[in-house]
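In what follows, a structure is listed as structure tokens, so that the remarks can point back to it.
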Amino acid sequence: MAKEPTDDLTLEIMRHLEIDQQWVRHFDPANVDGIAEARTAGRRAGRALKLKVITFQSDPEKREDGKVVVIVAVNQEPPPEDRERMDERTRLILDDIFKDLGTH
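Sequential numbering of the sequence shown, starting at -14, is according to our numbering.
Right under this line is the structure:
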């Protein structure tokens, strides 16, 4: 059995993939290590969730802000049982968020 990811970036990407099927972050082009780690963590998140994902990085020269945009996106329709599990997880996460908003 594969070990569950524990690093913060992979866990963050997993949460985003479960909720809205994508994760997006902007990087300074000089942050080559951060860009590579984001793409690696995205693939790791996909494997952990048993989803096919694609990773993409933009060309900073083609953007007005000069940033590199890294996108990790689900590239498949999940099986019905996984979709139900992900929908339930989404509801629980959103419930926690709204509960926290009400207490601050």
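We put the beta carbon where it would ideally sit given N, CA and C, even for glycine. In this text, all values refer to a predicted model and were calculated from it rather than measured experimentally.
What residue range does the beta strand (DSSP E) around residue i cover?
i: T40; result: V38 to Q42
i: R90; result: Nothing about residue 90 can be reported from this structure: the residues present for the chain run from -14 to 89 only.
i: A58; result: V53 to V59
Could you give the C-beta distance for residue i and residue j, rounded to a whole number, given that I count them as a contact under 8 Å?
i: A30; j: L2; result: 6 Å
i: I4; j: G27; result: In fact, because the Cβ distance is near 15 Å, the residues do not count as touching under 8 Å.
i: V53; j: P14; result: 5 Å
i: L36; j: V9; result: Incorrect: roughly 17 Å between the Cβ atoms, too far for contact.
Use the C-beta contact count for residue i: other C-beta atoms within 10 angstroms, 16 or more gives buried, fewer gives exposed.
i: M(-14); result: Model confidence at M(-14) stands at a pLDDT of 47, short of 50, so the residue's coordinates are unreliable; what they give is reported in the following sentence. With fewer than 16 Cβ atoms within 10 Å of its Cβ, M(-14) is classed as exposed.
i: I20; result: buried
i: L34; result: buried
i: T(-9); result: exposed
i: I78; result: exposed
i: V17; result: exposed
i: D80; result: exposed
For residue i versus residue j, is the C-beta distance shorter than 9 Å?
i: I56; j: T40; result: yes
i: E62; j: R68; result: yes
i: H11; j: D50; result: yes
In terms of residue numbering, what span does the alpha helix (DSSP H) encompassing residue i cover?
i: E22; result: V17 to L34
Hey, does residue i have any beta-carbon neighbour from chain D nearer than 9 Å?
i: E69; result: You won't find chain D in this structure, because it holds only one protein chain.
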